[in-house]
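Notes to accompany the following structure.
Number of protein chains: 2
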Amino acid sequence: MQYWTEAEMSQKKTKFLTEVELEFMSKLWELGEATVRDVQDALGPTRKLAYTSAATILRILEQKGFVTSTKQGKSFFYTTTLSKDTYQSRSLRNLSEKLFDNAPATLVARLVDDNDLSEEALDEIRALIDKRLRDDKR
Amino acid sequence: MQYWTEAEMSQKKTKFLTEVELEFMSKLWELGEATVRDVQDALGPTRKLAYTSAATILRILEQKGFVTSTKQGKSFFYTTTLSKDTYQSRSLRNLSEKLFDNAPATLVARLVDDNDLSEEALDEIRALIDKRLRDDKR
DNA sequence: GGAGAATTACGCAAACCTTAGTAGAAAGGA
DNA sequence: TCCTTTCTACTAAGGTTTGCGTAATTCTCC
Numbered sequence: 000m001q002y003w004t005e006a007e008m009s010q011k012k013t014k015f016l017t018e019v020e021l022e023f024m025s026k027l028w029e030l031g032e033a034t035v036r037d038v039q040d041a042l043g044p045t046r047k048l049a050y051t052s053a054a055t056i057l058r059i060l061e062q063k064g065f066v067t068s069t070k071q072g073k074s075f076f077y078t079t080t081l082s083k084d085t086y087q088s089r090s091l092r093n094l095s096e097k098l099f100d101n102a103p104a105t106l107v108a109r110l111v112d113d114n115d116l117s118e119e120a121l122d123e124i125r126a127l128i129d130k131r132l133r134d135d136k137r
Numbered sequence: 000m001q002y003w004t005e006a007e008m009s010q011k012k013t014k015f016l017t018e019v020e021l022e023f024m025s026k027l028w029e030l031g032e033a034t035v036r037d038v039q040d041a042l043g044p045t046r047k048l049a050y051t052s053a054a055t056i057l058r059i060l061e062q063k064g065f066v067t068s069t070k071q072g073k074s075f076f077y078t079t080t081l082s083k084d085t086y087q088s089r090s091l092r093n094l095s096e097k098l099f100d101n102a103p104a105t106l107v108a109r110l111v112d113d114n115d116l117s118e119e120a121l122d123e124i125r126a127l128i129d130k131r132l133r134d135d136k137r
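In structure tokens:
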């Protein structure tokens, strides 16, 4: 049950996930649709978190509009309202803006500098860029 | 003047900057060495922030070990202890790990997907990839 | 229908982030 | 010297994040 109005919702709309929220969203992106229990289990045995804590995180994600829930039987099933791709793009644009002076080439340069990209990955990326450049020309 | 021991310092060492801390670090990376006043001025007129607030942020950055200060005359001069390049790498690695399943190729793919990328930027990125492919072959 | 188990709603607390005010020190000019 | 300005150290308010406990609700099974 939501206690805030539409205006209040939009007012507190945040664009980015906190650390723990991202952790939960990642699981939801994997699972597709999941209960509190599902997510808690998916976190694995090393990550100890009380059931009620997991429930709280999901409730907050719903408040913020990142997930929706539907009641099925006893419990709620949660799904993301935001695709992983979209959030990846949003995060990258933010990082590029805030830390790379809006120069994506610098970002790639830094990435290529210290990550071991396989030759296949590099080929793949170049193919993407070529395709993009061809499409833009049309 | 530092009131915490070396042990306490290392204990509260954080790897990442908060929003405002990054804003300040960016200015320090630009300015090289700066007083509170310098940084406050560099923020520009649209960003209103009390002098004492700016001083607090710099003090916190020093507590966290991201900057050091030296007294010159009346006031302190602050400098970063962490290069922008290093922090860029660290941030990218974190993003890749947390949001891209440690697949840098996916990261670049998503970046290239972005519609706002200029053709020049794409060309630059392709040149980087090509160079890397050539270097790897050798 | 009632007992027991699972689930949800709510609220609290500790830690941290952002911002700024206050008090006092330091410096420098009239 | 004394007044003014500038700077630093400290503190605190208000918001957010993370984690969990408690109480109430819902479901199931006998």
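Top to bottom, those sequences are chains A and B. Numbering follows numbering that gives the first Met the number 0, in which position 12 of the first sequence is assigned residue number 11; successive positions increment by one, without gaps. Numbering follows numbering that gives the first Met the number 0, in which position 69 of the second sequence is assigned residue number 68; successive positions increment by one, without gaps. Built from N, CA and C at the ideal position, the CB exists for glycine as well.
Would residue i pass as a contact of residue j if the rule is Cβ separation under 9 Å?
| i | j | result |
| --- | --- | --- |
| threonine 67 of chain A | glycine 31 of chain A | no |
| isoleucine 124 of chain B | leucine 121 of chain A | no |
| threonine 105 of chain B | phenylalanine 76 of chain B | no |
What does the alpha-carbon distance come out to for the pair residue i and residue j?
| i | j | result |
| --- | --- | --- |
| arginine 46 of chain B | threonine 17 of chain B | 17 Å |
| alanine 54 of chain A | threonine 13 of chain A | 20 Å |
| serine 82 of chain A | serine 25 of chain A | 10 Å |
| lysine 73 of chain A | arginine 92 of chain A | 40 Å |
| glutamine 10 of chain A | glutamine 71 of chain A | Residue placement at glutamine 10 of chain A is poorly supported in this model, since its pLDDT is 41, which falls under 50; the coordinates still yield a value, given next. Distance between the alpha carbons of glutamine 10 of chain A and glutamine 71 of chain A: 30 Å. |
| threonine 43 of chain B | aspartate 135 of chain A | For the record, residue 43 of chain B in the displayed sequence is glycine; it is not threonine. If I take the Cα positions, the gap works out to 37 Å. |
| arginine 109 of chain B | serine 52 of chain B | 37 Å |
| alanine 138 of chain B | tyrosine 50 of chain A | Since the displayed chain B opens at 0 and closes at 137, residue 138 of chain B lies outside it and no answer follows. |
| isoleucine 56 of chain B | phenylalanine 23 of chain B | 8 Å |
| arginine 36 of chain A | aspartate 100 of chain B | 23 Å |
| methionine 0 of chain B | glutamate 29 of chain B | Here methionine 0 of chain B scores only 28 on pLDDT, less than 50, and its place in the model should not be relied on; the value that follows carries that caveat. Answer to the nearest angstrom: the Cα atoms are 25 Å apart. |
| glutamine 39 of chain A | glutamate 96 of chain B | 21 Å |
| valine 111 of chain B | threonine 69 of chain B | 43 Å |
| leucine 48 of chain B | serine 117 of chain A | 46 Å |
| alanine 41 of chain B | threonine 80 of chain B | 20 Å |
| aspartate 115 of chain B | arginine 133 of chain A | 16 Å |
Could you tell me which residues DSSP puts in a beta bridge with residue i?
| i | result |
| --- | --- |
| glutamine 71 of chain A | A/Ser74 |
| alanine 33 of chain A | A/Tyr77 |
Candidates the options: which alpha carbon is nearest residue i's?
| i | options | result |
| --- | --- | --- |
| glycine 64 of chain A | A/Glu20, A/Gly43, A/Ser88 and A/Tyr50 | A/Glu20 |
| glutamate 119 of chain A | B/Arg131, B/Arg89, B/Phe99 and B/Val35 | B/Arg131 |
| glutamine 87 of chain A | B/Tyr86, B/Phe75 and B/Leu94 | B/Leu94 |
| aspartate 84 of chain A | B/Ser90, B/Leu98 and B/Thr80 | B/Leu98 |
| phenylalanine 15 of chain A | A/Ile59, A/Tyr50 and A/Gln39 | A/Ile59 |
| arginine 89 of chain A | B/Asp113, B/Arg89 and B/Asp100 | B/Asp113 |
| valine 107 of chain A | B/Ala126, B/Asp115 and B/Glu96 | B/Ala126 |
| glutamate 61 of chain B | B/Leu116, B/Leu27, B/Arg133 and B/Ala41 | B/Leu27 |
(request) Could I get the ranges of all uninterrupted beta strand (DSSP E) runs contained in the region 44-128 of chain A, with 3 residues as the minimum, in chain order? (result) Taken in chain order, the complete beta strand (DSSP E) segments of 3 residues or longer contained in the region 44-128 of chain A are 66-71 and 74-79.
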